[in-house]
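Take a look at the structure set out below.
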Amino acid sequence: MLKLFTFAPGFGEISASPFSVKAICLLEMSGQAYTLNQKGDPRKAPKKKLPVLEHDGKIISDSDDIRDYLEMQFNVDFDAGLNAEQRAVSRSIIRMAEEHIYFAIVSTRWQRDENWAIIREEFFGMIPRLVRKFVTNKIRKGAVTMVYGQGMGRHSEAEQAARVSKDLAAIAALLADKPFLFGDKPTAADASVVAILNNITCFPRPTLLNEAVQKLPTLVAYAERGKQVMYPK
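Right under this line is the structure:
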């Protein structure tokens, strides 16, 4: 039996992590039976992050590796029907979502004091109040250092939103009037992009990132459609 370990739900999303949501979508799309454990501990994971897939004694870390494993182990092709050019575009879109837009999300949530206050209560409210500030500030410092080192955290919120807006426009152009990025059925790129978009819009406080998504109603509808089709019923 496949066992998927993810971060817990947050802000109405099935998981507070878009990579965990992506992995859940891939498991759903694969058609394989699996169990979902949303109390995963990244400290115990091989790469110190989630999601993690367990199968027959094997531990597969990282959502990309999970995709590869499912495709090889169960003869699944998440990009079935796509030609070579479409597959190349799919990979580029995934990288844009996961290696650019994602870090704007992290910066918005963890660097901005007003947003961090919400994150602390949502993610770490179970930590005893006596030690919560000390523990969470240490975690926050690590996240801020990471996103600053990556580069996104060096830009202002407005600069980040301007950059991400160009990515969103590219996704909207590729989507056009199709139900999903490459046609009537979701592919691997949809699992990544839908998870990212919903992770932006679920945040309860207005942000420039959320505003950028809301300016493109086709993407809002697409993200909701993806949730209806790819999320667990």
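Going letter by letter, the sequence shown gives residues 177 to 409 in the numbering used here. Just so it is clear, CB atoms sit at the ideal spot from N, CA and C, and this is done for glycine as well.
**Asked** Counting Cβ pairs closer than 8 Å, one from the region 193-203 and one from the region 232-240, do we hit at least three?
**Response** Per the Cβ contact rule, the region 193-203 is in contact with the region 232-240 (3 or more Cβ pairs under 8 Å).
**Prompt:** Where does A332 sit, in a helix, a strand or coil, going by DSSP?
**Reply:** Position check: residue 332 holds Ser in this sequence, whereas Ala was assumed. It is coil, neither helix nor strand.
**Item:** Buried versus exposed, by CB contacts within 10 Å (16 or more), P382
**Value:** Burial call: exposed.
**Request:** Under 8 Å Cβ to Cβ from N213, same chain only, skipping five residues before and after it: list those, please.
**Result:** Excluding residues up to 5 positions away in sequence, K179, L180, F181 and T182 lie with their Cβ nearer than 8 Å to the Cβ of N213 in the same chain.
**Message:** Assess contact between the region 365-379 and the region 391-407, defined as three or more Cβ pairs (one per stretch) separated by less than 8 Å. Is contact present?
**Reply:** Counting Cβ pairs under 8 Å, three or more are found: they touch.
**Prompt:** Could you give the distance in angstroms between the alpha-carbon of A371 and the alpha-carbon of R271?
**Reply:** CA-to-CA, the gap between A371 and R271 works out to about 13 Å.
**Message:** Check for me: the beta strand (DSSP E) holding F195 runs from which residue to which?
**Reply:** F195 -> not in any beta strand (DSSP E); alpha helix (DSSP H) instead, spanning P194 to S206.
**Cβ neighbours of W292 in the same chain (closer than 8 Å, five flanking residues each side left out)** = Counting only residues of its own chain and dropping the five nearest sequence neighbours on each side, W292 has a CB closer than 8 Å to the CB of R285, W286 and R316.
**Message:** Considering just the uninterrupted stretch of the beta strand (DSSP E) at F310, what are its terminal residues?
**Reply:** Segment R305 to Q326 is the alpha helix (DSSP H) holding F310; no beta strand (DSSP E) there.
**Message:** Is the beta carbon of L384 closer than 7 Å to that of A337?
**Reply:** In this structure, L384 lies closer than 7 Å to A337 by Cβ.
**Item:** N-terminal and C-terminal residue of the beta strand (DSSP E) that L212 is part of
**Value:** Y210 to N213 is the extent of the beta strand (DSSP E) around L212.
**Request:** To the nearest angstrom, report how far apart S341 and E333 are at their CA atoms.
**Result:** Between S341 and E333, the C-alpha separation is close to 12 Å.
**Request:** Please say whether L351 and L344 have beta carbons closer to each other than 7 Å?
**Result:** Contact: no.
**Neighbour-count burial assignment, S268, 16 or more Cβ in a 10 Å radius** = By the beta-carbon neighbour count (other beta carbons within 10 angstroms, threshold 16), S268 is exposed.
**Message:** On the DSSP bridge list, what partners appear for I190?
**Reply:** Answer by DSSP bridge pairing: none, since I190 is not bridged.
**Message:** Taking its Cβ as the centre, do 16 or more other Cβ atoms sit within 10 Å of N375, making it buried, or is it exposed?
**Reply:** Under this definition N375 is a buried residue.
**Request:** Output yes if chain D places a C-beta closer than 7 Å to the C-beta of F183; else output no.
**Result:** Looking at the structure shown, chain D is missing, and only one protein chain is on hand.
**Prompt:** Just curious, the beta strand (DSSP E) that K403 is in, first and last residue?
**Reply:** In this chain, K403 is not harboured by any beta strand (DSSP E); it is covered by the alpha helix (DSSP H) spanning P393 to M406.
**Request:** Jot down the residue ranges of each uninterrupted beta strand (DSSP E) in the region 202-273, minimum 3 residues, whole runs only, in chain order.
**Result:** Segments of the beta strand (DSSP E) lying fully in the region 202-273: 210-213, 228-231 and 234-237.
**Request:** To the nearest angstrom, report how far apart K215 and A184 are at their CA atoms.
**Result:** Near 6 Å, if we compare the C-alpha coordinates of A184 and K215.
**Asked** Which residues in the same chain have their Cβ closer than 7 Å to the Cβ of A348, if we skip the five residues on either side of it in sequence?
**Response** Cβ neighbours of A348 beyond the five flanking positions: L392, T394 and L395.
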